[in-house]
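Under the UniProt record's numbering, the first residue of the sequence shown carries the number 1, and numbering increases by one thereafter. Beneath this line is the structure, given in structure tokens, with notes to follow.
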Amino acid sequence: MTDKRRREKRREEKDPVYGIKRRKKETKSREVSKSGRIGGGMGRRRSMSKSRSQSRSGSINRSRSRSRSPRRRVKRERRSSSSCSDRDNIYERKEVEDVPKNIQMFEAFVEKNSSVKDTMQKFGWNYEDANMWVEIIKELEILDATVEVMRAAFTEILDRWPYCYGYWCKWATIEAKTDTKKAFEVFDYAVNTFPLSVELWLAYIRFMRTELMKRKDGLEGIQRLNARALVTVGKEWRSLPVWKEVIAFETSIGNPLAVTVVMDNMMGTPLGGLDEAWEAVSSHFETTSLDNLMSLNERTELKWECLSERMIDEERNEEMAIRLRGLARRRVIYEETKKKMRTMELFESKVKRHYFHWKPLERGQLINWKKYIEWTRKNSSEGDDCVLIFERALIPCALYDEFWLMYADYRESRGELELAREILERAHRIHCKQSVNITVHLASLLEIMDRDLDATEALISFDSKYPGNLLIYNRYIAMLKRRELKYPGKESKRDKSVSETYECLIRFAVLPYSHYCLRVREREVDTKDRHSISSYYSLHYARYLRKIKGQSKMAMKVIKTAINNDPSNETLYHALIDLHYEKYPLDIESIKDSFDLCLNSPLTPHRVKIRMSQCKIELFEEIGDCPKEMRELNAYHRELMATNRGEKEKEKDISQ
């Protein structure tokens, strides 16, 4: 088996959807070769329309695409949010054709380069191992790989860990060597994916300044990007370098009035290093001419205040009084902000890792972030402050599902269900893909929003990647039951009925959707695990048939089938006895047969027979009417106990 085929097989095991797509593609190519029609015509148009409809259907296939480029994933936005002039459509974000060749090109490159191939083999071709991608990026830089290969590698790593700002900057730098447009697209997608990265915004602003200052209309584009950066990341505790960058740019183009406006906003924002910023404000007020320092309205207002308080006299001229009055007004804002920052500084001083890393975070750091969030929720009257602290905490704590759940619960408590859904989907799709809690909460929220199909889709998507979780199976069945009660007689083409789902779980220990059932039938399932899951759901199915559907005979049939498959399971025997015991009038012979099924079976363990025999004695003391039969039961029980003692003595002698 070639390495390429081995990789495909491993990928199919992790992603069943990929395997189905590949098999369909091979079948289709064989059919085309047989019919002699290659490309073009109505068949091609039909396939294109089919692919469009599938992409709109919202299926789980969309979440597993491995060759997405940033341009494909970014939605169309209004041109006003662009970072350059309206006439320059280079910087307008737009949807472009997908580039599926990226991953193929990368795999072809791996086949030709033994060093990269050895690196991937060293990590077992595990695409979810971040350390493997770190080594691969280093190898590609040493080998001076093409832009297409680097693009494929960066897409793979940033699809999985989008908070790695250093790789975004590296990618944009590499793209800029050959195509400035793509570098802009990478940066723009990066700051939309990771909006609270100070380092990313600084790199983007500096890159834009270098490129756009070469253009006649580039000044307006830079100013719009500066404004966008301050709105997006300006309230981040560590964002002082971004404020400085904007101030330095406005100073360099000779716009002191804009500098004053930026500084005014900065004084009202809690920032690390605000004292340093205040010194810059004081220096700006001392060195800038009054006409360029403040707007005419503010100067007039300050002048009348000075006259009313007699601050203007022979010793203090008008300009100095207005200047001091304006600075005093800003000092008040600065001192109010400093008061607000006192408690924040205690939490901020304990933050040791403000950036993302896949290595575990210290427990003390996690506790500090939780306390910081709780304090902000109690003491902040503005929702934006809570949102900011949640988003900041999710950068170093992105791999901890409890923070995502806290954030979603906060949004839900404010009635923002759609935003809560987006938060949970972000965690489910990217950061906490293996978290059962995230998946279950997402499905529950979608069901509350009357999006039942999306709710079951989330559970199915999780199970297709990480099968065998009973909580997922139970939630899936519970949703089907509720939907069955809500819409009696109406079943989705996508979802099976409750009975079909139970039967599939009992038979194959998987949910009944075609592509995964096919995968299970093709591979060997652990018999022990399958029997335990089968017995578990046989009990649930029997209870459902008896209590909800009122089908006692069918429930007994399910339990008896489960006993044949798992004769050592004591719970199944008790369930069968309970089904007979609940019947009215009481059928004593059926209860006897149920006990005998356990006691006479050669496959039933001896310890189970002893417990069932004791249970039979206790039950028939209540409902039995024959003393002779009771003597026989007690005699049989004594025989079982004697046999058990003899086996224990033999084991003791052997051990000695």
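Don't be surprised by glycine CBs; every beta carbon is placed ideally from N, CA and C. Keep in mind that this is a model prediction, so the values were computed, not measured.
Beta-carbon gap between residue i and residue j smaller than 8 Å
| i | j | result |
| --- | --- | --- |
| V149 | E175 | no |
| C386 | R392 | no |
| L290 | R330 | no |
| Y476 | T501 | yes |
| T288 | P256 | yes |
| I559 | L579 | yes |
| A478 | H441 | no |
| S283 | L327 | no |
| T439 | L459 | yes |
| Y541 | I506 | yes |
| E199 | Y165 | yes |
Where residue i falls: helix, strand or coil (DSSP)
| i | result |
| --- | --- |
| E31 | Only weak support exists for where E31 lies, its pLDDT of 46 falling under 50; the coordinates are left without a value. |
| P256 | helix |
| L296 | helix |
| Q434 | coil |
| W237 | coil |
| G166 | helix |
| G273 | coil |
| N565 | helix |
| K359 | coil |
| Q365 | helix |
| Y636 | helix |
| D450 | coil |
| residue 672 | The requested residue 672 does not occur in the structure, where the chain is confined to residues 1 to 656. |
| M213 | coil |
| D463 | helix |
| D86 | Residue placement at D86 is poorly supported in this model, since its pLDDT is 35, which falls under 50; the coordinates are not used for a value here. |
| R325 | helix |
| K583 | coil |
| Q551 | coil |
| P627 | helix |
| R71 | With a pLDDT of only 38 at R71, under 50, the local geometry of the prediction cannot be trusted, and the value read off the model is given with reservation. Correct three-state label for R71: helix. |
| C615 | helix |
| T337 | helix |
| Y573 | helix |
| R426 | helix |
| S499 | helix |
| R475 | helix |
Inter-residue spacing [alpha-carbon to alpha-carbon] between residue i and residue j
| i | j | result |
| --- | --- | --- |
| M267 | E236 | 14 Å |
| S239 | L417 | 30 Å |
| G218 | R209 | 8 Å |
| R224 | R325 | 31 Å |
| I610 | C626 | 22 Å |
| S590 | R546 | 17 Å |
| W304 | I222 | 37 Å |
| Y584 | I577 | 14 Å |
| T232 | L445 | 28 Å |
| A172 | D159 | 15 Å |
| V436 | I472 | 7 Å |
| S349 | Q365 | 11 Å |
| G58 | T251 | Caution is warranted here: a pLDDT of 39 is assigned to G58, below 50, making its placement in the model unreliable, and the coordinate value is therefore given only provisionally. Between G58 and T251, the C-alpha separation is close to 49 Å. |
| F508 | F106 | 37 Å |
| W201 | K177 | 20 Å |
| L302 | I253 | 27 Å |
| K481 | G272 | 54 Å |
| Y91 | L140 | Unreliable placement is indicated for Y91, whose pLDDT of 28 sits below 50; the coordinate value is still reported in the next sentence. Near 29 Å, if we compare the C-alpha coordinates of L140 and Y91. |
| C598 | T604 | 6 Å |
| I448 | W358 | 33 Å |
| S51 | L511 | Any reading at S51 must be qualified, since the residue scores a pLDDT of 40, below 50, and its modelled position is unreliable; the value itself is stated next. Cα to Cα, S51 sits roughly 26 Å from L511. |
| N292 | V191 | 33 Å |
| R412 | R451 | Looking at the sequence itself, residue 412 is Glu, so the reference to Arg does not match. Computed Cα separation, rounded: 16 Å. |
| R645 | W369 | 59 Å |
| F390 | P162 | 17 Å |
Residue i Cβ short of 7 Å to the ligand ZN heavy atom set
| i | result |
| --- | --- |
| Y581 | Looking for the ligand ZN in the displayed structure turns up nothing, as the structure carries no ligands at all. |
How do the segment 415–427 and the segment 396–405 stand: do at least 3 beta-carbon pairs fall below 8 Å, yes or no? yes
On the three-pair Cβ rule with 8 Å, is the segment 197–211 touching the segment 238–247? yes
At least 3 beta-carbon pairs within less than 8 Å: the segment 565–573 vs the segment 545–552: no
Does the segment 178–193 touch the segment 339–348, meaning 3 or more C-beta pairs lie closer than 8 Å? no
Is there contact here, the segment 612–625 with the segment 633–647, by at least three beta-carbon pairs under 8 Å? yes
Could you tell me whether the segment 132–146 touches the segment 110–123, using the rule of 3 or more Cβ pairs below 8 Å? yes
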